[in-house]
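Using the working numbering, you'd call the opening residue of the sequence shown number 24 and step up by one each time. For glycine and all other residues, C-beta sits at the position ideal for the given N, C-alpha and C.
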Amino acid sequence: MPKKQFKAESKRLLELMINSIYTHKEIFLRELISNASDAMDKRYYSSLSGGETGLAREELFIEVRPDKDARTLTISDRGCGMSKEELEQNLGTIAKSGSLAFKEENGAAEDIDIIGQFGVGFYSAFMVAKKVRVLTRPAGSDEGWCWESDGSDGYTVTPCQKDEVGSTIILTLKDNTEEEDYDEFLSDYRIQGLVKKYSDYIRYPIRMEMTRSRKKEGTEDQYEDYQEVETLNSMVPIWKKAKAEVTDEEMDQFYQDKFGDFTAPLRVIRSSTEGAATYNALLFIPARAPYNYYNRDYEKGLQLYASGVLIMDRCPDLLPDCFSFVKGLVDSQDLSLNISREMLQHDRQLKLIAGRLEKKIASELGLMLKNDRDKYEEFFKAFGLQLKFGVYSTYGAQGDLLKDLLLFHSSQGEKPTTLEEYASRMKEDQKAIYYACGQSREQLEHLPQTELVKEKGYEILYLTDDVDEFCVRALGKYGEHDFKSVSDGDLDLASQEEKDQVKEQNDKEKELLDCMKAALGDQVKEVRLSVRLKTGPVCLTTDGGITLEMEKVFAQMPGGEEKLKAERVLELNGGHPVFQKLQGLYQAGEKELVGTYAQLLYAQAQLLEGLQLEDPVAFSKALGELLGR
Numbered sequence: 024m025p026k027k028q029f030k031a032e033s034k035r036l037l038e039l040m041i042n043s044i045y046t047h048k049e050i051f052l053r054e055l056i057s058n059a060s061d062a063m064d065k066r067y068y069s070s071l072s073g074g075e076t077g078l079a080r081e082e083l084f085i086e087v088r089p090d091k092d093a094r095t096l097t098i099s100d101r102g103c104g105m106s107k108e109e110l111e112q113n114l115g116t117i118a119k120s121g122s123l124a125f126k127e128e129n130g131a132a133e134d135i136d137i138i139g140q141f142g143v144g145f146y147s148a149f150m151v152a153k154k155v156r157v158l159t160r161p162a163g164s165d166e167g168w169c170w171e172s173d174g175s176d177g178y179t180v181t182p183c184q185k186d187e188v189g190s191t192i193i194l195t196l197k198d199n200t201e202e203e204d205y206d207e208f209l210s211d212y213r214i215q216g217l218v219k220k221y222s223d224y225i226r227y228p229i230r231m232e233m234t235r236s237r238k239k240e241g242t243e244d245q246y247e248d249y250q251e252v253e254t255l256n257s258m259v260p261i262w263k264k265a266k267a268e269v270t271d272e273e274m275d276q277f278y279q280d281k282f283g284d285f286t287a288p289l290r291v292i293r294s295s296t297e298g299a300a301t302y303n304a305l306l307f308i309p310a311r312a313p314y315n316y317y318n319r320d321y322e323k324g325l326q327l328y329a330s331g332v333l334i335m336d337r338c339p340d341l342l343p344d345c346f347s348f349v350k351g352l353v354d355s356q357d358l359s360l361n362i363s364r365e366m367l368q369h370d371r372q373l374k375l376i377a378g379r380l381e382k383k384i385a386s387e388l389g390l391m392l393k394n395d396r397d398k399y400e401e402f403f404k405a406f407g408l409q410l411k412f413g414v415y416s417t418y419g420a421q422g423d424l425l426k427d428l429l430l431f432h433s434s435q436g437e438k439p440t441t442l443e444e445y446a447s448r449m450k451e452d453q454k455a456i457y458y459a460c461g462q463s464r465e466q467l468e469h470l471p472q473t474e475l476v477k478e479k480g481y482e483i484l485y486l487t488d489d490v491d492e493f494c495v496r497a498l499g500k501y502g503e504h505d506f507k508s509v510s511d512g513d514l515d516l517a518s519q520e521e522k523d524q525v526k527e528q529n530d531k532e533k534e535l536l537d538c539m540k541a542a543l544g545d546q547v548k549e550v551r552l553s554v555r556l557k558t559g560p561v562c563l564t565t566d567g568g569i570t571l572e573m574e575k576v577f578a579q580m581p582g583g584e585e586k587l588k589a590e591r592v593l594e595l596n597g598g599h600p601v602f603q604k605l606q607g608l609y610q611a612g613e614k615e616l617v618g619t620y621a622q623l624l625y626a627q628a629q630l631l632e633g634l635q636l637e638d639p640v641a642f643s644k645a646l647g648e649l650l651g652r
């Protein structure tokens with residue numbers, strides 16, 4: 024029988040299909056299985072609406088048969104089959120979707136969930152096959168037909184004998200090359216893996232004869248291979264089962280198997296909605312951060328399913344960066360997919376789903392914080408930095424979403440506190456939320472800048488992570504209260520009388536302070552007497568928007584030596600014996616020695632802040648000089 028030719032445009036489209044549309048060759052099995060599932064859906068629905076009897080859903084299944092000797096892979100279904108005319112329409116016309124047409128004709132039926140829509144998935148077979156044969160027999164007919172093509176110069180349609188209703192697709196695989204090993208698609212375990220990955224939740228059984236090993240009867244150490252037909256897919260997604268039908272152990276095991284974690288999740292989040300964006304979501308909060316979580320190569324995203332078929336292994340657009348630690352999946356019927364079904368067309372549904380998931384995750388974390396504080400603190404140790412970074416990186420735009428999920432250590436107790444808890448403990452006369460930045464709680468407990476704040480009885484947040492200060496500055500305020508660093512130039516906590524006294528003393532000791540400033544040069548913006556120091560002799564504060572903690576963070580970045588610097592102010596305790604010593608030296612005309620003291624005091628202030636000394640040699644020399652006097 025003469026071959027019927029594809030139209031020239033169809034030839035080019037087919038070549039594009041085979042070589043360009045799909046990213047991964049393995050996708051072909053997903054497409055053929057999805058087509059088989061659609062065919063059985065159509066047959067089952069038609070049997071209900073057309074009065075066909077004797078057909079039960081349990082009788083419908085998909086069979087996969089690899090033949091290593093013949094180098095063929097066969098996919099069979101018991102679906103609706105195709106007539107000669109339907110073969111011509113559906114397989115002879117590229118991008119003609121019989122499934123889509125059926126869906127449109129029966130669109131009013133709510134129980135129709137047809138996967139196919141573009142009519143191109145079948146041709147993905149030519150990515151791995153040099154020849155494709157389709158043996159098919161439609162329901163209600165005794166005639167079978169064979170469609171055959173090598174994918175290049177047309178196809179043939181001839182009569183054939185087929186005992187069962189449905190379709191059988193036989194792929195003759197391409198020859199192996201140095202770059203491509205097509206024999207992998209004849210491996211039992213490779214096929215099993217692809218079915219589990221892409222088609223695990225196809226609603227019909229996907230069966231295949233698997234090779235297993237067992238101990239030979241009557242022997243102790245001899246084994247034999249045997250064949251056993253197995254169902255490769257789960258069929259019913261765990262996220263579509265009622266909550267009461269799934270035990271905690273089953274859910275934990277699903278998470279560990281699905282996402283490669285050896286620990287159970289801290290929390291399971293189930294979410295589903297209908298309407299503008301219909302979807303089911305199953306999300307997990309891990310108990311620990313992956314080893315590469317804070318590395319640049321970490322990829323966020325949720326698995327995305329369309330009607331139970333895996334479309335994307337990681338869809339980053341479904342998660343904001345602040346919740347990038349969340350694992351899980353989303354299954355929807357309403358997504359606009361591209362022609363290969365390997366990625367999404369960005370649309371309104373996707374944004375709606377992402378927005379709802381964001382609120383749901385934040386709500387569930389809030390419930391964990393409220394009802395299981397210990398578990399939440401465990402979570403925060405692993406992922407708290409990401410929440411803080413989420414506030415900073417969006418310049419506070421996500422502050423309302425995240426602010427009540429943040430934890431900080433403070434001067435009150437060993438347990439971390441929320442901002443809401445801090446605010447509830449504030450004194451009536453307290454105007455701001457005070458914080459101190461440093462390397463550790465132990466360091467901050469003895470920071471001289473905190474003395475005045477503590478004297479007032481005000482609680483201080485201890486910020487020990489690099490991102491902390493950037494985070495609270497991005498927030499700006501909590502409620503009606505601004506955030507204020509204990510190292511800010513003006514804490515505005517002293518009484519007017521105290522301020523006047525210090526100002527008067529500064530004016531009086533101006534020559535001494537100028538002498539110390541001259542000795543320190545550009546290392547500091549100013550040397551002045553402090554209103555905040557009570558027992559310590561010296562401390563560093565800053566003027567302007569760049570703080571010492573920010574300076575440290577900038578210094579760690581590439582080219583850090585050229586980054587922004589804080590405007591440092593050296594503050595002295597006018598009532599401390601050290602300052603009295605300085606007064607005596609200056610009055611005695613020992614200006615050079617005053618300069619040496621200034622360098623030592625500046626070094627002491629730097630060490631208290633956890634800063635590296637700019638000139639350790641000069642510090643050692645000055646210390647030796649004073650000790651030797």
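Using 8 Å for Cβ pairs, my map puts residue i next to residue j. What's the rounded Cβ distance?
i, j, result
"LEU616", "LEU608", "5 Å"
"LYS479", "LEU516", "6 Å"
"GLY568", "LEU498", "In fact, because the Cβ distance is near 15 Å, the residues do not count as touching under 8 Å."
"ASN303", "ASP354", "5 Å"
"GLN603", "LEU535", "The Cβ separation is near 11 Å, so there is no contact."
"TYR227", "SER70", "Not a contact, Cβ separation roughly 14 Å."
"GLU521", "LEU552", "Contact doesn't hold; Cβ gap of about 11 Å is too wide."
"THR179", "LYS26", "6 Å"
"SER447", "LEU484", "About 14 Å separates the two Cβ atoms, so there is no contact after all."
"ALA287", "ILE376", "Not really, about 26 Å apart at Cβ, beyond 8 Å."
"LEU114", "TRP170", "5 Å"
"GLY189", "ASP100", "5 Å"
"LYS350", "SER294", "Incorrect: roughly 14 Å between the Cβ atoms, too far for contact."
Give me, in chain order, the residues of the same chain whose beta-carbon lies closer than 8 Å to that of residue i; leave out the 5 immediate sequence neighbours on both sides.
i, result
"LEU429", "GLY407, LEU410, LYS411, VAL414, THR441, LEU442, CYS494"
"MET233", "ASP211, GLN215, GLN250, GLU251, VAL252, GLU253"
"LEU630", "LEU636"
"LYS426", "VAL414, LEU442, LEU498, TYR501"
With C-beta atoms as the reference, is residue i less than 8 Å away from residue j?
i, j, result
"VAL601", "VAL547", "no"
"GLN519", "GLY597", "no"
"ASP173", "LYS153", "yes"
"TYR67", "LEU55", "no"
"PRO309", "ASP271", "no"
"LEU352", "LEU289", "no"
"LEU470", "PHE431", "no"
"VAL525", "VAL554", "yes"
"ALA21", "LEU563", "One cannot answer for residue 21 here, as it falls past the ends of the chain, which runs 24 to 652."
"LEU194", "ALA265", "no"
"GLU572", "LYS588", "no"
"GLU482", "GLN435", "yes"
"ASN256", "ILE292", "no"
"THR296", "ARG371", "no"
"GLY512", "ASP566", "yes"
"LEU543", "ALA621", "yes"
Quick check: does the Cβ of residue i come within less than 7 Å of any heavy atom belonging to the ligand ADP?
i, result
"LYS479", "Looking for the ligand ADP in the displayed structure turns up nothing, as the structure carries no ligands at all."
By Cβ distance, which residues of its chain are closer than 7 Å to residue i, with the 5 residues on each side in sequence left out?
i, result
"THR619", "ALA645, GLU648, LEU649"
"ASP134", "At ASP134, the pLDDT of 48 sits below 50, so the modelled position is not reliable; the number obtained from the coordinates is stated separately. Result list for ASP134: empty, nothing under 7 Å."
"GLU108", "none"
So if DSSP puts residue i in a beta bridge, which residue, or which two residues, is it bridged to?
i, result
"GLU253", "MET231"
"MET669", "With the chain covering 24 to 652 only, the question about residue 669 has no answer from this structure."
"TRP170", "VAL157, VAL180"
"SER347", "Looking at the DSSP assignment, SER347 forms no beta bridge with any residue, so it has no partner."
"HIS432", "TYR485"
"PHE506", "ILE456"
Only counting the same chain, and skipping five residues up and downstream in sequence, which positions put a Cβ closer than 6 Å to that of residue i?
i, result
"MET335", "LEU327"
"TYR224", "PRO260, GLY331"
"LEU467", "ALA459, GLY461, TYR485"
Could you check whether the region 157-173 touches the region 182-192, counting it as contact only if at least three pairs of C-beta atoms, one from each stretch, sit closer than 8 Å? yes
Can you find at least 3 beta carbon pairs, one from the region 507-520 and one from the region 449-460, that sit closer than 8 Å? yes
Evaluate the contact criterion for the region 388-401 versus the region 319-336: three or more CB pairs, one atom per stretch, below 8 Å. no
Per the contact definition of three or more C-beta pairs closer than 8 Å, is the region 205-224 in contact with the region 49-60? yes
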